[in-house]
Each structure stands twice: as structure tokens, then as C-alpha cells.
Amino acid sequence: MKLNEIRDNEGATKARMRVGRGIGSGKGKTAGRGVKGQKARTGVAIKGFEGGQMPLHRRLPKRGFNNIHAADLNEVNLGRVQEAVDAGKLDKAATVTVDALVKAGVISRARDGVKLLGVGELTAKLSFEVTRASKSAIEAVEKAGGSVTTVYAAGVAHRGTVASA
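Each residue of the sequence shown is one higher than the last, beginning at 1 in the numbering used here.
#1: K143 lies in the alpha helix (DSSP H); which residues open and close that run?
#2: Between D112 and G52, what straight-line distance do the alpha-carbon atoms span, to the nearest angstrom?
#3: Where does the unbroken beta strand (DSSP E) through L117 begin, and where does it stop?
#4: Under the three-state reduction of DSSP, which class applies to R33: helix, strand or coil?
#5: Taking the CB atoms as reference points, tell me whether G120 and N77 lie closer together than 8 Å.
#6: Whose C-alpha, out of A70, N67, L126, is nearest the C-alpha of A93?
#7: Can the beta-carbon of G28 be found less than 8 Å from the beta-carbon of R21?
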């Protein structure tokens, strides 16, 4: 078999229907659109329209609240940090900061800060400098002989953060 002999399987491709090409084609005159009216025209956008009745999406009450001041934090688990240390991507002697985590590939980009979470096991003695940390994460880091310091980035709220030096 040569490259110029390669073909699709029989019946794998189907020619598109050319509409509006005469009555003999089976899709002539109105081109399968029926006759007259808004839907026969091009550019129709009536997704939620219910014939003049109040549409469902407007009948239902609004729900929830979008806090525009909420901090968009990267969440980092201790197990993921330990993997980076084992792979030699994070330096044990240096302080683990947002920049160090980005450089090590633990997080793809720094957002408003980093929250350290206690999922996974940490065996390396590390000192962390993060925006927030959970109680379980702080306990795990201190158990391994390290420390957690919370540093607030500009615009990040100080709510509910446990700091440990």
C-alpha cells in the first residue's frame, strides 16, 4: 500500500446536502426551512423565547451570591509539596514561597496567594511562607520539624487564617 492509495472506508464519508438547488434535489425552493416566519430567516436566536409567556429563566428567582472581594487562592496539598522535594524540584534549605512553588511546577501560576492544605504526608523539614494554611497542615509541618508563616498578599482578606511562626 502506498500513501497515495489510502482512502476512507466505504460509507465512512457522506457528501453534504446542497440545499436550495431546485425541486429535483428534494431540498429545493425553501431549502428544508418550511415557509415564512422568523425561523425561516437566517440569524434566528430565540433560545429562551416561550411565545410571549414569561420565560422560565426569568420566572425563577435569582439564587446565590458572587463575592467580588473573595481571594482566588492556589490550594496546595502537603503530599504534592513532598513529591516536589523528592523529585529535587524544591530546595529543602530554602523557604517555600509562591515563587518557589511556581518554579518547581507545583502550581502553574500564582493567583492571589497560596493556601496550604494538610492532605498527604510531609517528611521533609520545610519552612513555608504562604497566604493561608489549614490547622492540619500547620500541625503536619510542625510535626516534621518545619514552620509555617502566613504572609498576606495585597488585596487578600485576613479572615480565618491560622498563623504560626
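Yeah, the Cβ is synthetic: ideal placement off N, Cα and C, and Gly gets one too.
These numbers come from a predicted model, not from an experiment.
Well, looking at it:
#1: If you number the sequence shown from 1, residue 143 lands on position 143. According to the DSSP assignment, K143 belongs to the alpha helix (DSSP H) that extends over 135-143.
#2: In the sequence shown, counting from the first residue as 1, residue 112 sits at position 112. In the sequence shown, counting from the first residue as 1, residue 52 sits at position 52. Roughly 46 Å between the two C-alpha positions.
#3: Sequence index remark: in the sequence shown, residue 117 carries index 117 (1-based). Its beta strand (DSSP E) spans residues 113-117.
#4: As a working mapping, residue 33 is identified with position 33 in the sequence shown. Coil at R33, not helix or strand.
#5: Within the sequence shown, residue 120 is the residue found at index 120, counting from 1. Within the sequence shown, residue 77 is the residue found at index 77, counting from 1. Cβ atoms of G120 and N77: closer than 8 Å.
#6: Taking the first residue of the sequence shown as position 1, residue 93 is located at position 93. It is L126.
#7: Against the sequence shown, residue 28 aligns to sequence position 28. Against the sequence shown, residue 21 aligns to sequence position 21. For G28 and R21, yes; Cβs fall inside 8 Å.
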